[in-house]
Amino acid sequence: MPNGCCQRFPSKGCFDRKLRGFEEDTMTKFIVWTKDKAFGVDDPKPLSKKIKWKLQYVPFDGIPFMVVGRRVYSCHQGVDKHKHEKLTRQLQLLDDHSDHCYEERRRLQDSKKLDCPARIYVVHLIRFPDYKVYLNDIHKQRKESAGCLRHALTKNPSAVKLEEQFVACFPAIEEHKNHPVVGEVREPVDTSSTPPSDHIILHKDISNPPRNSSKTKKRQRCESLLREISDLTYHLQDEPFLDSLTFRLNDLLEDVRRHTPHDDTLPLSYTPPSKKNRYLKTLSIIPEKHSSSGKFGRCAEAVKASSKP
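Count along the sequence shown from 1, add 6, and you get the number used in the numbering used here.
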């Protein structure tokens, strides 16, 4: 039995609310792993056979019951049930693209499944409180009570009092494996390279980062590479390579869009200065040369007048 606790609920709606609250409190997510068809049906019909007193996830409380259905929830990063189908599909894709001269972009992680063993076990029951047994001579009372219950269900099932119940066993947070939970990080933080908190300066204006930051240098380097790629593209003649380059640039563009912050205060795009603007800026630095100045600082007209006889 898991290390968590088992709880009882009078209806499926109560269990669903508890499940949502459990996921919010533990910051986890569970999906349906297996389920029976009759689980959660309205107005289940009791049978005269398979009377139970306890199960692996249903402790004994003295009241006999019948199992309507079971459902198991698994952590969303648990075992991958479709691993074989995914492998077959990948092999088929590789075979289909074997005649192409380019290679498509592949994900580094093909699945989010990490074989986490955490699960929630839920059992839908029909209980018969009128046939409850007590602790004195339990084995004998169980046999007699079960016989009376079977006889009543065979003779007149509608006269037997019953109640529905959902018993759920939730896992402890320690049962989650191979992935971070409750604020943990995927990789350990190197505290030796982390500056003290009193030396950290928060820049609230992210649209104007410091000029001497490493991010600015990296942005300038990316801009230089993009400009060089743009200049070289005009000289390409190989059409298959152009097709391959188009696919790779589209994938790169999607990655850049995903990592771009969506903030109304930031400019939508950055337009580098044109060659004309850069040229005019360079000319503004050069001192202005006056056409009337002569070789020794005198005006040109005076030089011409003195040279005449």
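The beta carbon of each residue, even a glycine, is placed where N, CA and C say it ideally should be. Just so it is clear, the structure is predicted and the values come from calculations on it, not from any experiment.
Close Cβ partners of residue i (< 6 Å) along its chain, the five nearest in sequence each way excluded
i, result
"K210", "Only weak support is given to the placement of K210: the predicted model assigns it a pLDDT of 46, under 50, and the question is left unresolved by the model."
Same chain only: Cβ atoms within 8 Å of residue i, ignoring 5 sequence neighbours per side
i, result
"F66", "W59, K60"
"E29", "K35, F36"
"D3", "Past the boundaries of the shown model lies residue 3; the chain is included only from 7 to 315, so the question cannot be answered."
Residue i versus residue j: straight-line alpha-carbon distance, rounded
i, j, result
"A4", "H90", "As displayed, the chain neither begins before 7 nor continues past 315, which places residue 4 out of reach and without an answer."
"A178", "M72", "27 Å"
"F239", "K118", "It is worth fixing the name first, because residue 239 is Thr in this sequence and not Phe. Roughly 37 Å between the two C-alpha positions."
"R263", "D257", "10 Å"
"I235", "R227", "12 Å"
"E260", "F253", "11 Å"
"D136", "T160", "16 Å"
"V85", "K55", "35 Å"
"K138", "W39", "33 Å"
"H145", "G68", "11 Å"
"S164", "A158", "9 Å"
"K223", "T34", "39 Å"
"E150", "Y140", "12 Å"
"S80", "L93", "22 Å"
"R233", "D22", "55 Å"
"H265", "F134", "59 Å"
"D230", "G27", "Checking the sequence shown, residue 230 turns out to be Ser, not Asp. Going from the Cα of S230 to the Cα of G27 covers about 51 Å."
"R225", "K87", "42 Å"
"S219", "S17", "59 Å"
"I57", "E181", "32 Å"
Beta-carbon contacts of residue i that lie in its chain and below 7 Å, excluding the five residues immediately before and after
i, result
"L248", "L242"
"Y63", "M7, C12, Y127, V129, V173, C175"
"I132", "P50, P52, F71, M72, V74, L168, E170"
Bounding residues of the beta strand (DSSP E) (the contiguous stretch that carries residue i)
i, result
"C175", "169-175"
"F15", "12-15"
"L131", "125-133"
"F36", "36-41"
9 Å Cβ cutoff met for residue i and residue j
i, j, result
"V78", "R125", "yes"
"F176", "C11", "yes"
"K24", "F15", "yes"
"Q147", "L120", "no"
"K221", "P123", "no"
"R95", "K41", "no"
N- and C-terminal bounds of the alpha helix (DSSP H) containing residue i
i, result
"H265", "245-265"
"I179", "Premise fails: I179 is in no alpha helix (DSSP H) and is neither H nor E."
"C154", "144-161"
"I69", "Counting along the chain, I69 falls outside any alpha helix (DSSP H), and DSSP gives it neither H nor E."
"S219", "Careful: S219 lies outside any alpha helix (DSSP H) and carries neither H nor E."
"D31", "18-32"
Three or more beta-carbon pairs under 8 Å between the region 30-45 and the region 151-158, yes or no?
-> no
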